[in-house]
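Take the sequence shown: its letters are residues 7 to 156, numbered as in the numbering used here. We put the beta carbon where it would ideally sit given N, CA and C, even for glycine.
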Amino acid sequence: MNIRKLNRDEKPPMELLLLADPSEVIVQEYVNRGECFVAESEQEIFGVYVLIPTRPKTVELVNIAVAESYRGKGIGKQLVDSAIQKAKAGGFKTIEIGTGNSSIGQLVLYQKCGFRIIGVDLDFFLRHYPEEIYENGIHCRDMIRLSQDL
Ligand code: COA
């Protein structure tokens, strides 16, 4: 598996990006603002993440996704580790990530990769998404904010 930056003339893998965020408008905005990285093997792209500079020396990891049939094999962890390395190499001092209060697996993965919970953006998903989101039988309402010093 190879993880590389998407070239400017390549189309971002929208289908994969939408697995991490149901809003096409928000995904498109992230892709325009940030740098998109893909995981591929034999020219098949099955993983993606986007890094967006937010504040001075701070970058946010957004839209991390692995194609459903490739999950549970450690690719998500490799993508998070890759994002941390790219952020370090880019001179950033802090990397942040946000996920839903109902995203149990993601909260496990990010904390295993060294992120700590630093806050909760209450009602974030109620304010920004028109449709109700349920995962693991839990109503997704709040965004859990996580961060890691680099
Ligand atoms: N309970 C306990 N541990 C869990 C878990 C759960 N419900 N779900 C995942 N994990 C653990 C795994 O056991 C693994 O840890 P380990 O390597 O120590 O065993 C770790 O989390 C990550 O597994 P990994 O195989 O590297 O992840 P993946 O390739 O399946 O990808 C996602 C993870 C989140 C990227 C993938 O599920 C995905 O694309 N989801 C849809 C998009 C999405 O929600 N993106 C995030 C938006 S915030």
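_Through-space distance from Glu48 to Glu102, alpha-carbon basis_ = 31 Å
*asked:* Beta-carbon distances below 6 Å to any heavy atom of the ligand COA define the shell here; list its residues in chain order, please.
replied: Proximity to the ligand COA was defined by a C-beta distance below 6 Å to any of its heavy atoms, and the residues meeting it, in sequence along the chain, are Leu25, Ala26, Ile70, Ala71, Val72, Arg77, Gly78, Lys79, Gly80, Ile81, Gly82, Lys83, Thr105, Ser109, Ile110, Gly111, Gln112, Val114, Leu115 and Lys118.
*Residues bridged to Gln154 (per DSSP)*: Ile101
*As assigned by DSSP and simplified to three states, the class of Ile90*: helix
*Could you check which residue in Pro19, Met7, Lys79 and Arg61 has the C-alpha nearest to that of Cys42?*
Pro19
*asked:* Using only the alpha-carbon positions, how far apart do Ile90 and Cys146 sit?
replied: If you draw a straight line from the Cα of Ile90 to the Cα of Cys146, it comes to about 26 Å.
_Residue from Gln154, Phe131, Asp87 and Ile9 with nearest C-alpha to Ser29_ = Phe131
*Take the Cβ of Leu128 as the centre, count every other Cβ of all protein chains shown within 10 Å, and call the residue buried at 16 or more, exposed below.*
Under this definition Leu128 is an exposed residue.
*Identity of the residue in Thr64, Ala45 and Leu152 nearest Ala95 by Cα*: Thr64
*So Tyr116 is in the alpha helix (DSSP H); what residue range does that whole segment cover?*
First-last of the alpha helix (DSSP H) with Tyr116: Ile110 to Lys118.
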